[in-house]
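Line by line, the protein sequences are chains A and B. Residues in the first sequence are numbered from 3 upward in steps of one, following my numbering. Residues in the second sequence are numbered from 3 upward in steps of one, following my numbering. Take a look at the structure below.
2 protein chains.
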Amino acid sequence: MPTTIRDVAQKLNISVYTVSRALDGYDDVADQTRELVIETANKMGYVPNRAARQLRRQKAETIGFIIPSISKRFNEPFFMEFISGMGEELSGKNYDLLISNVNTHDAELNLYHRWVNSRKVDGFILNRIRKHDWRVNFLSKSGIPFVALGKSQDGIDYPFVRIEAADEYLLLMQHVQKNGFSQFAFIGGPTDLVNQIDRLKWFRSATKKCGIEVPRDRIISTDMTSMGGYEATSALLKSLTPPDAILCVNDEAAFGALHAAREHGLTVGTKIAVAGFDGIQDSLHAEPPLTTLDIPVADIARQLAGMLLELLNGRQLESREIVIRPALVTRGSTGG
Amino acid sequence: MPTTIRDVAQKLNISVYTVSRALDGYDDVADQTRELVIETANKMGYVPNRAARQLRRQKAETIGFIIPSISKRFNEPFFMEFISGMGEELSGKNYDLLISNVNTHDAELNLYHRWVNSRKVDGFILNRIRKHDWRVNFLSKSGIPFVALGKSQDGIDYPFVRIEAADEYLLLMQHVQKNGFSQFAFIGGPTDLVNQIDRLKWFRSATKKCGIEVPRDRIISTDMTSMGGYEATSALLKSLTPPDAILCVNDEAAFGALHAAREHGLTVGTKIAVAGFDGIQDSLHAEPPLTTLDIPVADIARQLAGMLLELLNGRQLESREIVIRPALVTRGSTGG
DNA sequence: ATATTTTTCCTAAACGTTTAGGTAAATTAT
DNA sequence: ATAATTTACCTAAACGTTTAGGAAAAATAT
């Protein structure tokens, strides 16, 4: 049974009030007393009971993150980097991170509901935003603070980080074109994902500027896993007019594309170009190393967590919109 | 402001006691009343306040998982699969998963202390166990329940899952040998990691049975990242007597080994063999696809979470030790 | 010397549950 | 018909904090 505030107070023969105020750094306690309290509390290993504090303060000091049920493969490295970034920012500020993953849409809905209504978390961080996102609507209606990577088009105002890569996509395409590839294809994700919508838009705008025609059937929708990328690429390469430059919505899909291309006997970087998006760590060790548009995932997560903390502490945000631009990293998969 | 139990009671003109007992399924409330209560509670969107319930029940209904500070790269896919498995088991049982990651040993120690003493979690799940593990000692002394993947040698009794792969390692080595490779090397992890100790032991025992000599300098210790595997392999291949069969302590290191081998102009599968351990999903899409000893990571995590829940509910465990055997998956990286 | 302000600490209530220890009403046993 | 038991509910205390509203003591102002 852990030490309570009463134990500390008794030991020093003072009231619990004084202990509480001393530890929380209020100035209505004498310096001498404060020091004594802090020292004693440390010695006794006293840590405030979270449940009691939460109940009284009506704050959970906990942030919720629910891994979207659409991601069938939770092992996507992307999420691990994201979690890592949030965790770093939060644990430094004495906040905790509550995580769950669910398999069905109903379970996901239920969990949001439970966490909101049981006051288990003070706010949420969202990911993989969709064009119309029920989570955004639900949380907004609940009045619980949240931030997200990506802006949904539900007309709801919330702080977010978004990625802007129109220029970088053009650079990528010019680079690929310069290396002798011209038959472009785009391996994308679910069509209502904001990521997908943006990236496809940048792809299209870049093709236009480069004077490239892309037939309809060269734009494919996958589940953004390496298996999805593998299958889509295999199909593309079997067609009568196979592409020789495959741009993927994320690195994972690109890994699958690399595999499929090699399986078709194509030397990637020479006969065919492949590029990804996100810049996850293993992209460097792919064969050949993967050209990608690198975004600082952990850093974005850290920033999101930081924004949410500002919100929770009632402070004004410097900016409710943060724009991140990726860095084009050219490697062997597009011909050096 | 969410609905409280008092709101529900007032609405029905009964006491909060009756609402509480009805919702918790005790039999000292009339069936008719119970139904009414449940219906009304649902309609009003009532979910018990977690802090209040925790305070009164002295249970957090939350499990803690702290990503070990030794993993410099949190994006290791292994952890994501592990988290996914725990989360699945827990959320099904109405438990939540509290996650944090820390950068230093001190921060890690501090966090365990905080979570234990603030009663923020009811139990822990541990990972990456070391031969002598302060976490095991600390939690055992605290009297808080925990389970782990791996058994430390501190003479402390706790429920755990362990991997047994002596036979499978022999199979792997025979397979590699049969494909014409004979100069073995082992790229391992930190020397006090139970994983490392076990896997190196199996490697050594297999070499003995196969009549293979392995010089001291062919056994290397890394940080188990792809970069670590890359650097270790590069160094090995530059030596006067380079190996032609590299077995790695995990898949991530093996990815780096593949990269280094290719960079040295060696065709993996023909000139050199590489194998991993864990069977993470991307091992299939490596070039060439990676031979590995596949363990069901998510499933192990699920089982660990299940064991911990049994402990927390005061039930007797069927078995305090669960043994998992990996499956040898042979792919191109060892010559098909 | 008295009045005012400041400093330092205290008492007691509150947060929203759960539950020990009841009691009246209904049922069953004698 | 009365006693004993069971059923269905209630009141009030407790969990461990934080904090509003004081109050005594000390310092400062008049």
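Glycine included, C-beta positions come from ideal geometry on N, C-alpha and C. None of these values were measured; they are calculated from a predicted model.
Local Cβ density within 10 Å of residue i, reported as buried at 16 or more and exposed below that
| i | result |
| --- | --- |
| A:G125 | buried |
| B:I158 | exposed |
| A:A329 | exposed |
| A:T269 | exposed |
| B:Q60 | exposed |
| B:N129 | buried |
| B:Y28 | exposed |
| A:Y97 | buried |
| B:R121 | buried |
| B:N112 | exposed |
| B:R52 | buried |
| A:L242 | exposed |
| B:M3 | exposed |
| B:V349 | One cannot answer for residue 349 of chain B here, as it falls past the ends of chain B, which runs 3 to 338. |
| A:Q198 | buried |
| A:H107 | exposed |
| B:D367 | With chain B running from 3 to 338 in the structure shown, residue 367 of chain B is simply not present. |
| A:A32 | exposed |
Which of helix, strand or coil DSSP assigns to residue i
| i | result |
| --- | --- |
| A:V10 | helix |
| A:T20 | helix |
| B:T42 | helix |
| B:I199 | helix |
| B:N77 | Only weak support is given to the placement of B:N77: the predicted model assigns it a pLDDT of 47, under 50, and the question is left unresolved by the model. |
| A:L330 | strand |
| B:S241 | coil |
| B:L295 | strand |
| B:D225 | coil |
| A:D26 | helix |
| B:T35 | helix |
| A:G316 | coil |
| B:T209 | helix |
| A:Q176 | helix |
| B:N119 | helix |
Paired residues, beta bridge with residue i - DSSP
| i | result |
| --- | --- |
| A:A247 | A:F186, A:A275 |
| B:E323 | B:F162 |
| B:F67 | B:I101 |
| A:I127 | A:V149 |
| B:V270 | B:I274 |
| B:R2 | What the structure shows of chain B is the stretch from 3 to 338, and residue 2 of chain B is not part of that stretch, so it cannot be assessed. |
| A:D280 | A:D296 |
Distance CB(residue i)-CB(residue j) smaller than 8 angstroms
| i | j | result |
| --- | --- | --- |
| B:L319 | B:P161 | yes |
| A:S102 | B:S93 | yes |
| B:N119 | A:V49 | yes |
| B:I65 | B:F81 | no |
| B:A256 | B:L286 | no |
| A:G258 | A:S228 | yes |
| B:V299 | B:F84 | yes |
| A:T209 | A:F183 | no |
| A:E41 | A:R164 | no |
| B:I189 | B:G152 | no |
| B:R36 | B:A24 | yes |
| B:R327 | B:E170 | yes |
| A:N192 | A:R220 | Correcting the residue type first, residue 192 of chain A is Pro in the shown sequence and not Asn. Going by C-beta atoms, A:P192 is not nearer than 8 angstroms to A:R220. |
| A:G89 | A:L99 | yes |
| B:L195 | B:R132 | yes |
| A:T294 | A:G278 | yes |
| A:A234 | A:L260 | no |
Own chain residues within Cβ distance below 7 angstroms of residue i, not counting five before or after
| i | result |
| --- | --- |
| B:G308 | E91 |
| A:K211 | L172 |
| A:F205 | Y171, F188, L249 |
| A:I297 | I165, D280, G281, I326, P328 |
| A:Y168 | In the sequence on display, residue 168 of chain A carries Ala and not Tyr. W204, S207. |
| A:M226 | G191, V251, N252, E254, A255 |
| A:R264 | V270 |
Neighbourhood of residue i by C-beta distance below 6 angstroms, restricted to the same chain and skipping five residues each side
| i | result |
| --- | --- |
| B:L239 | H266 |
| B:E312 | L319 |
| B:S321 | none |
| B:Q34 | none |
Contacts around residue i, its chain only, beta-carbon distance under 8 angstroms, and the 5 residues preceding and following it disregarded
| i | result |
| --- | --- |
| A:A62 | Q56, R121, K122, V123, D124 |
| B:N181 | A275, T336, G337, G338 |
| B:K13 | T42, M46 |
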